[in-house]
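Residue numbers (UniProt numbering): 1 to 272.
The structure appears right after this line, and notes come after that.
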Amino acid sequence: MSQFLRPLAIFSSSWSRSCITTRSSKQSRSFVKPLLWGAAVSIFSAAYAVQSTTIHLDAEPSPPDSEFEIDPATSIAFPKTLRIPSKFPLPQFSLVGVGVRTVSFLGIKVYSVGFYADLADPNLNIPMTATPDEKIEHIVRNTACAIRIVPTRGTSYSHLRDGFMRALTARMQLAHTRATITPAEEPAAQSSLRTLKSLFPTTSMSKGKPFDIVLLAPSRSPSRPRTLVLQDMGSVQNDWVAEEFVLAYFEGNGISPPLKKAVTERMQTFGK
Numbered sequence: 001m002s003q004f005l006r007p008l009a010i011f012s013s014s015w016s017r018s019c020i021t022t023r024s025s026k027q028s029r030s031f032v033k034p035l036l037w038g039a040a041v042s043i044f045s046a047a048y049a050v051q052s053t054t055i056h057l058d059a060e061p062s063p064p065d066s067e068f069e070i071d072p073a074t075s076i077a078f079p080k081t082l083r084i085p086s087k088f089p090l091p092q093f094s095l096v097g098v099g100v101r102t103v104s105f106l107g108i109k110v111y112s113v114g115f116y117a118d119l120a121d122p123n124l125n126i127p128m129t130a131t132p133d134e135k136i137e138h139i140v141r142n143t144a145c146a147i148r149i150v151p152t153r154g155t156s157y158s159h160l161r162d163g164f165m166r167a168l169t170a171r172m173q174l175a176h177t178r179a180t181i182t183p184a185e186e187p188a189a190q191s192s193l194r195t196l197k198s199l200f201p202t203t204s205m206s207k208g209k210p211f212d213i214v215l216l217a218p219s220r221s222p223s224r225p226r227t228l229v230l231q232d233m234g235s236v237q238n239d240w241v242a243e244e245f246v247l248a249y250f251e252g253n254g255i256s257p258p259l260k261k262a263v264t265e266r267m268q269t270f271g272k
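Shown next as structure tokens:
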């Protein structure tokens, strides 16, 4: 068991090479069950009691420039295909949409964000007739997803953390209103929210350096919670926190309206 308590290597230290800045320029799981993972799920299951896992990075080559999509608001480029080097099997992520996150009435650009998902999951049978919002929620709840954040200016992890916590607090209030979280589920979710908050360091974030957050695919066992992995920080194992973290980007206009718009447009033609 001790080997499961060692730091887990998920991300690549040179992921920042796969994103460049160019100066010039959650509905039910009723559709299907997700593609089952092997080694990755086993490792996270065994480490279920461990709420935080330190992450160390390996190396990854940069994809060709032609395989990037540029956020028109910031000129930040995102790879259309995100391959995450890992000691455990992870799927290849496809870029679904990009957008900019702004704050205050002045519209200050804080970061560009890309939403990725395992759209090649053979069990992801989404009918074309479903609405874009239904498709987005089904994808988030049933397969692996990733969010890549690239700061447009020097900022801090504390600032990023505070934004995430505000969004999740709003999601919890909404869950109470919609009665989508039970009294039995809430204590574990609140505990995981505290764990998530504690993962963020007080250090600065460099302009243009990618920060990746991965939502692992659901486990074969319903009793095992989903895992949200934050690059270089650790992980949280809780269904509500893991899924709502991602879904917060798509509630209403979303944390980034341009991202919500781009993903919604992509979903118009996605399905079977």
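We treat Cβ as the ideally placed atom computed from N, Cα and C, and that holds for glycine.
- Straight through space, the alpha carbons of Pro-222 and Pro-151 are spaced by roughly 36 angstroms.
- Around the beta-carbon of Phe-245, 16 or more other beta-carbon atoms lie within 10 Å, marking it buried.
- With respect to the 8 angstroms criterion, Ser-156 and Leu-119 are not classified as neighbours on the basis of their beta carbons.
- The distance from the Cβ of Ser-112 to that of Ile-76 is about 4 angstroms, consistent with a contact at the 8 angstroms cut-off.
- Counting C-beta atoms within 10 angstroms of its own C-beta, His-176 has fewer than 16 neighbours from the protein chains shown and is therefore classed as exposed.
- The alpha-carbon of Pro-72 is positioned some 18 angstroms away from that of Ile-147.
- Per DSSP, reduced to three states, the secondary structure at Asp-232 is coil, with no helix or strand assignment.
- The stretch 196 to 206 and the stretch 130 to 147 do not touch, with fewer than three beta-carbon pairs separated by less than 8 angstroms.
- For Arg-153, same chain residues with a beta-carbon under 7 angstroms away, outside a window of 5 residues either side, are Lys-207 in chain order.
- For Arg-224, the closest of Gly-97, Gln-92 and Trp-240 by C-alpha to C-alpha distance is Trp-240.
- Taking C-beta atoms as the reference points, Phe-78 and Phe-88 fail to come closer than 8 angstroms.
- Only residues of its own chain outside the window of five on either side were considered, and among them Ala-146 and Val-229 have a CB closer than 6 angstroms to the CB of Val-214, listed in chain order.
- Setting aside the 5 residues that flank it on each side, Val-236 is surrounded in the same chain by Ser-192, Thr-195, Leu-196 and Leu-228, each with a C-beta closer than 6 angstroms to its C-beta; the list follows chain order.
- Phe-270 and Gln-173 have their C-alpha atoms spaced approximately 31 angstroms apart.
- For Lys-109, the enclosing beta strand (DSSP E) begins and ends at 108 to 117.
- In the three-state reduction of the DSSP assignment, Ser-158 falls in the helix class.
- Here the C-alpha atom of Ala-248 lies approximately 30 angstroms from the C-alpha atom of Ser-66.
- Secondary structure of Thr-169 (DSSP, three-state): helix.
- Around Ala-189, the same chain offers Met-172, Ile-181, Asn-238, Trp-240 and Val-241 as residues with beta carbons nearer than 8 angstroms, after the five sequence neighbours per side are excluded.
- Note that the C-beta distance between Asp-121 and Pro-85 is not below 8 angstroms.
- Cβ-Cβ separation between Val-100 and Phe-115: approximately 13 angstroms, too far for a contact (criterion under 8 angstroms).
- The Cβ atoms of Ile-139 and Leu-124 sit closer than 8 angstroms to each other.
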